[in-house]
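Just below is one structure, and these are the notes that go with it.
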Amino acid sequence: MEQICGILRSSGSVNRPVYPRESRFLKELRDATADYPGALMGTAPDAGQLMTLLLGLVNAKKIIEIGVFTGYSLLLTALSIPEDGKITAIDVSRKAYDDIGLPIMQKAGVEHKIDFVESPALPVLDKLLENAENEGTFYCWPYLL
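So in our numbering, spot 93 of the sequence shown is number 143, and the numbers just go up one at a time.
Structure below.
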C-alpha cells in the first residue's frame with residue numbers, strides 16, 4: 051500500500067464492496083444511479099446503513115417515503131422491513147424510478163411492499179389522514195439530505 055496525502059491507497063485491485071453491509075441489489079442500484087442525471091440526489095450508502103439500524107429499532111411496518119428518485123432508500127427500506135410491511139412512496143415523477151429502480155426492486159423481490167403514488171406529497175398525505183384507521187400506524191421518515 052502507498053500513502054497519498056495521508057490516505058492509504060491499495061496498489062492492487064481489490065474486488066470487494068466499499069460498504070460491506072450493502073446488499074448486491076443496493077449496490078447495483080447505486081451503480082446504476084451514478085450515471086443518471088441528478089445522481090447527487092441519491093441516498094449515500096452510509097446514511098442507508100443508519101436508516102437500516104433505525105428501521106429495525108422502531109420495528110417499522112408501515113412507512114411513508116416522500117421523494118423517491120431512483121429508489122435507493124426505498125429499496126433499502128423494503129429490504130429492512132418485515133415481509134408484510136408496506137411503503138407508501140410518493141414522488142412527483144416516477145421516471146427515474148421506472149428507468150432505474152423498478153427493475154432492481156423486482157429482482158430483489160420487494161415490489162409487493164411498495165405502493166408508488168405519482169403526485170405531490172400533500173394531497174396524498176391529506177388523503178391518508180382522512181382515513182381514521184391510519185392514525186398512528188405510519189412511520190414517517192424525516193430524512194433530509
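By construction, the Cβ of each residue, glycine as well, lies at the ideal position given by its N, Cα and C atoms.
For a quick check, are the C-beta atoms of residue i and residue j less than 8 Å apart?
i: residue 131; j: residue 157; result: no
i: residue 179; j: residue 160; result: no
i: residue 171; j: residue 140; result: yes
i: residue 106; j: residue 76; result: no
i: residue 118; j: residue 86; result: no
With distances taken Cα to Cα, identify the nearest neighbour of residue i among the options.
i: residue 167; options: 110, 115, 102, 109; result: 115
i: residue 112; options: 136, 87, 93; result: 136
i: residue 127; options: 141, 103, 145, 143; result: 103
i: residue 143; options: 134, 169, 74; result: 169
Keeping to the same chain, check which residues put their C-beta closer than 8 Å to that of residue i; ignore five residues upstream and five downstream.
i: residue 79; result: 120, 121, 122, 125, 150, 151, 154
Taking all protein chains shown into account, decide if residue i is buried (16 or more other Cβ within 10 angstroms of its Cβ) or exposed.
i: residue 165; result: exposed
i: residue 72; result: buried
i: residue 187; result: exposed
Counting only the same chain and skipping the five closest in sequence on each side, list residues whose C-beta sits under 7 Å from that of residue i.
i: residue 83; result: 89, 92, 120, 122, 150
i: residue 173; result: none
With a CB to CB cut of under 6 Å and the five nearest residues on each side skipped, what residues in its chain are close to residue i?
i: residue 138; result: 114, 165
Check your understanding: If you scan the segment 59-128 from start to end, which runs of the alpha helix (DSSP H) of 4 or more residues do you find wholly inside it?
Key -> 74-84, 95-108
Check your understanding: Unbroken alpha helix (DSSP H) runs of length 4 or more, entirely within the segment 121-182: which are they?
Key -> 122-130, 152-158, 171-180
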